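Residue numbers (the working numbering): -4 to 340. Here the structure comes first, spelled out in structure tokens, and everything after it is commentary.
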Ligand SMILES: [Zn+2]
């Protein structure tokens, strides 16, 4: 900092040198050099009194700033881009912590989502993040929904003025992951991906329907894959997630992007299939849809459907978690209700 009065400039130099050697940095503000500058002000000719006074104040401010800097502990924080998406495969405790979390806990859905990712990681499937906004091509066209097809109506979601969608299912990522990982097939490796992410529906809300929820999509493609692999894969991961042997059952259904398509039910984990109110006394609980990936969907991604086959599924994560902990209303998850959240902390 420059000082126009020589006397102040000299005092500034002296005081800064003195500061460096001081143990109690704050004592510099009581230094006699500074005090004598202040004492002079009242004896100065009126025309320079104001500007001299301002410079003495400037010097005092500079010293205060130096004291503050030297007494604050230096914290070296790694540079992070807070807007960057995180790789979903990185466990939460390995991600940068943006806020102190000593008195908080993770949202139960995120805890369960990580468990799901971990089970699939052990089974050799990589997690891929979805998008919060997507286009008509990825939501419908690439998935074998021709324009004007009535099945499009089952995926009523929110749209932007530009005609983009808040994705109604994680299948919007299928075309992308098939394209991204199809080089695996040439190396005799399978395409083995899960997409655990947020989806949106324009729903009438009730205990089982929410406008925002999570799905876990699975996509597996290789030579000689058939529906038996699909059923075995889902049974293995459900048994691992619920920590008990699960029975499963499929029944024919219709999705444009799988052929054949199935609805998928698991044995009720509460009543050992004796019947209870959770399973409406049927012994089975509907969990989601699945099927063999339609050849059109494979071909759209440039995969030879005469050589390779694959399966896909989509389950609602809230539904899985509700079953696991006997939660009666899906709306608790988005409610930010601390009474609900603290039960899981
Ligand atoms: Zn039951």
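C-beta: ideal position from N, C-alpha, C; glycine also. These figures come from a predicted structure and were not determined experimentally.
Residue 199 and residue 151 have their C-alpha atoms some 11 Å from each other. Note on residue 103: 16 or more other CB atoms within 10 angstroms of its CB, so buried under the neighbour-count rule. Within 7 Å of the C-beta of residue 270 there is at least one heavy atom belonging to ligand 1.
The three-state reading of DSSP puts residue 216 in strand, counting E and B together.
In this structure, 128 is the residue among 173, 149, 175, 128 with its C-alpha nearest to the C-alpha of residue 158. Per DSSP, the unbroken alpha helix (DSSP H) holding residue 174 starts and ends at 169 to 176. Remark: fewer than three beta-carbon pairs, one from each stretch, lie closer than 8 Å, so the segment 180 to 191 and the segment 247 to 256 are not flagged as touching. Fewer than three Cβ pairs drawn from the segment 228 to 235 and the segment 324 to 339 lie within less than 8 Å of each other, which leaves the two stretches out of contact.
For residue 285, the shortest C-beta to heavy atom distance toward ligand 1 is 7 Å or greater. Rounded to the nearest angstrom, the gap between the Cα atoms of residue 87 and residue 16 is 45 Å. Scanning its chain for C-beta atoms nearer than 8 Å, with the 5 sequence neighbours on each side dropped, one finds around residue 100 the residues 336, 337, 339, 340, in chain order.
Rounded to the nearest angstrom, the gap between the Cα atoms of residue 50 and residue 333 is 55 Å. Annotation for residue 278 indicates a beta carbon within 7 Å of some heavy atom of ligand 1. Taking C-beta atoms as the reference points, residue 296 and residue 173 count as a pair closer than 8 Å.
Pairing residue 280 with residue 271 gives a Cβ-Cβ distance that is not under 8 Å. Per DSSP, the beta bridge partners of residue 204 are 201. Secondary structure in the segment 216 to 258: the beta strand (DSSP E) runs of 3 residues or longer, each lying completely within the stretch, are 243 to 250 in chain order. In the three-state reduction of the DSSP assignment, residue -3 falls in the coil class, being assigned neither a helical nor a strand state. Judged by beta-carbon spacing, residue 168 lies within the 8 Å limit of residue 212, meaning their Cβ atoms are closer than that value.
Taking a C-beta distance under 8 Å as the contact criterion, residue 218 and residue 298 do not qualify as a contact pair. Listed in chain order, the non-local C-beta contacts of residue 126 below 6 Å within the same chain number zero, local neighbours out to five positions each way being set aside. Taking 8 Å as the cut-off, the beta carbon of residue 309 is found closer than this to the beta carbon of residue 210.
If you ignore the 5 residues before and after residue 238, its C-beta comes within less than 7 Å of no other C-beta in its own chain.
For residue 273, the distance from the CB to the nearest heavy atom of ligand 1 is below 7 Å. Taking 7 Å as the cut-off, the C-beta of residue 310 does not count as close to any heavy atom of ligand 1.
The beta carbon of residue 242 sits closer than 6 Å to those of 262, all from its chain and outside the five residues before and after it, given in chain order. For residue 265, the shortest separation between its Cβ and any heavy atom of ligand 1 lies below 7 Å. Residue 306 and residue 70 have their alpha carbons spaced roughly 50 Å apart.
Bridge partners of residue 62 according to DSSP: none are assigned. A direct Cα-to-Cα measurement between residue 214 and residue 240 gives close to 23 Å.
Judged by DSSP secondary structure, residue 306 falls within the beta strand (DSSP E) whose first and last residues are 304 to 311.
Residue 188 carries a strand assignment under DSSP once its states are collapsed to helix, strand and coil.
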